[in-house]
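Residue numbers (my numbering), protein chains in the order written: chain A, 1 to 374; chain B, 375 to 456.
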């Protein structure tokens, strides 16, 4: 028997609203299956279950706010199912946290009521009576706690970014390196490849760049991982967090999971899918917690170079600037080439500049031979 | 298809792919990507969707000819006539 709990989706998260169940009691679930959706400051996140089994009991109703660690459901694992079903399945009542026992950490309210309460500065706890759901009308007729007009609330996402970046700046001794990369060969190669393809199969430079970065990380793994317990930890999986700007403001850096194992076409598809789901607010919990390095590409905004702030506990962030026509010396000749500034901010506790330099050099090498990135 | 119908089709696809944009923000002679903050991924998606609706495929070499709503309308108009 195992408990399916509200996961922590970032160090700053204290609670989230369970929005929807994708399963019902008695359903068979497999490892990695999405079984619920929760709403956080990062949008709606799909939550996966980490073991195979049967949904024994669902303990929390949709649209309930739960603190991290609250048991949401009980999963009966396969082994327990065999044989003595009757005795093993139904746990002693005291084993399962009941609705009543945890009322203080869950308030039922519709999303509209929740939003309005936040705007008006009303404490939902004060309206939730005897486990009854709070309705919008109740919120609207309630007296705001703060009588004078409140300062516009900072969004949850802004606060999450503020917390992580303050911690980064306080704890991580950053070092910065940059390299000019001649992108003409790579762009030429890509253009040629794209003329032979239909519009649906077209590849974008961003996919090629991410593919090059993951390949370079295979050779310089020290930058792919974490600084934890005063020691560097190299991650075997390469899950680059891709900085994706939301048009309404804000930024999310979801992980492109297992990018190290993808070829160029797979990278393009996965990236396309990740951007679409980020913008429509449909990410999975693993995607917002498993990043091993960050890649930020402010190229679309037209800046030449970006010196990033490392997202702890990661140890590096790669920045890609706008690709620009630039004077370039080749042998004795001066010519014009498409040039991109690639930068690296590294955690000096985990690596030295030599490692960072090796990475940028490898990245440059790969982009001069793009056919190897297919 | 008339020029107006093409315009409607283009605007429809832009709003479909970037739902947080207001139709009023789409200014005919402004660069679509820059003025609406549409990145290369969304731009490609818009062109892919328009290919399905209008049957015209825009090669990468022609991207400069479809940078604004006005240019895009002209581009598709010409290609659909021929």
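We put the beta carbon where it would ideally sit given N, CA and C, even for glycine.
The structure presented is a predicted model; accordingly, all values stated were derived computationally and were not measured.
Residue-level contact to chain B via CB, residue i, 7 Å cutoff
i	result
residue 297 (chain A)	no
residue 261 (chain A)	no
residue 204 (chain A)	yes
residue 367 (chain A)	no
residue 252 (chain A)	no
residue 285 (chain A)	no
residue 338 (chain A)	no
residue 323 (chain A)	no
residue 182 (chain A)	no
residue 317 (chain A)	no
residue 200 (chain A)	yes
Residue-chain proximity (residue i, chain A), Cβ-Cβ < 7 Å
i	result
residue 403 (chain B)	no
residue 386 (chain B)	no
residue 411 (chain B)	yes
residue 397 (chain B)	no
residue 415 (chain B)	yes
residue 434 (chain B)	yes
residue 442 (chain B)	no
residue 390 (chain B)	no
residue 376 (chain B)	no
residue 455 (chain B)	no
residue 426 (chain B)	no
residue 422 (chain B)	yes
residue 431 (chain B)	yes
From the options, residue whose alpha carbon lies closest to that of residue i
i	options	result
residue 302 (chain A)	B:427, B:448, B:431 and B:413	B:413
residue 173 (chain A)	A:165, A:297 and A:70	A:165
residue 298 (chain A)	A:314, A:322 and A:309	A:322
residue 360 (chain A)	A:219, A:332 and A:160	A:219
residue 443 (chain B)	B:424, B:455 and B:433	B:424
residue 417 (chain B)	A:10, A:199, A:37 and A:13	A:199
residue 39 (chain A)	A:62, A:23 and A:334	A:62
residue 196 (chain A)	B:386, B:376, B:415 and B:433	B:433
residue 371 (chain A)	A:22, A:258, A:191 and A:1	A:191
residue 296 (chain A)	A:269, A:326 and A:244	A:244
residue 279 (chain A)	A:319, A:256, A:258 and A:252	A:252
residue 236 (chain A)	A:257, A:247 and A:230	A:257
residue 328 (chain A)	A:1, A:2, A:21 and A:184	A:184
residue 422 (chain B)	B:404, B:376 and B:390	B:390
residue 45 (chain A)	A:268, A:246 and A:17	A:17
Closer than 7 Å at the beta carbon, the chain C residues around residue i
i	result
residue 394 (chain B)	Of the chains in the structure shown, none is chain C; the protein chains are A and B.
Residue j beta carbon less than 7 Å from that of residue i
i	j	result
residue 52 (chain A)	residue 78 (chain A)	yes
residue 375 (chain A)	residue 189 (chain A)	Only positions 1 to 374 of chain A appear in this structure, which leaves residue 375 (chain A) out of reach.
residue 239 (chain A)	residue 314 (chain A)	no
residue 49 (chain A)	residue 68 (chain A)	no
residue 35 (chain A)	residue 56 (chain A)	no
residue 440 (chain B)	residue 446 (chain B)	yes
residue 427 (chain B)	residue 383 (chain B)	yes
residue 294 (chain A)	residue 311 (chain A)	yes
residue 341 (chain A)	residue 287 (chain A)	no
residue 76 (chain A)	residue 54 (chain A)	yes
residue 187 (chain A)	residue 31 (chain A)	no
residue 206 (chain A)	residue 364 (chain A)	no
residue 70 (chain A)	residue 6 (chain A)	yes
residue 362 (chain A)	residue 162 (chain A)	no
residue 37 (chain A)	residue 13 (chain A)	no
Close beta carbons around residue i, own chain, < 8 Å, minus the five adjacent residues each side
i	result
residue 353 (chain A)	175, 177 and 346
residue 388 (chain B)	395, 400, 406, 410, 412 and 420
residue 264 (chain A)	203, 207, 208, 211, 373 and 374
residue 94 (chain A)	With a pLDDT of 39 at residue 94 (chain A), under the threshold of 50, the modelled position of this residue cannot be trusted, and the question is left open.
residue 171 (chain A)	312
Expected contact under 8 Å - CB spacing of residue i and residue j to nearest Å
i	j	result
residue 373 (chain A)	residue 211 (chain A)	5 Å
residue 181 (chain A)	residue 59 (chain A)	Not a contact, Cβ separation roughly 53 Å.
residue 309 (chain A)	residue 194 (chain A)	Wrong, their Cβ atoms sit about 34 Å apart, outside the cutoff.
residue 234 (chain A)	residue 241 (chain A)	About 16 Å; that fails the 8 Å criterion.
residue 271 (chain A)	residue 254 (chain A)	About 11 Å; that fails the 8 Å criterion.
residue 260 (chain A)	residue 214 (chain A)	5 Å
residue 41 (chain A)	residue 160 (chain A)	6 Å
residue 316 (chain A)	residue 223 (chain A)	4 Å
residue 9 (chain A)	residue 285 (chain A)	6 Å
residue 336 (chain A)	residue 326 (chain A)	7 Å
Own chain residues within Cβ distance below 7 Å of residue i, not counting five before or after
i	result
residue 277 (chain A)	283
residue 82 (chain A)	Caution is warranted here: a pLDDT of 45 is assigned to residue 82 (chain A), below 50, making its placement in the model unreliable, and the coordinate value is therefore given only provisionally. Nothing meets the Cβ criterion.
Contact set for residue i: own chain, Cβ-Cβ below 6 Å, skip 5 residues either direction
i	result
residue 43 (chain A)	281
residue 450 (chain B)	380, 428 and 430
residue 250 (chain A)	157
residue 27 (chain A)	55
residue 356 (chain A)	177, 344 and 346
Closer than 6 Å: residue i CB and nearest the ligand SAM heavy atom
i	result
residue 341 (chain A)	The ligand SAM is not part of this structure, which contains no ligands at all.
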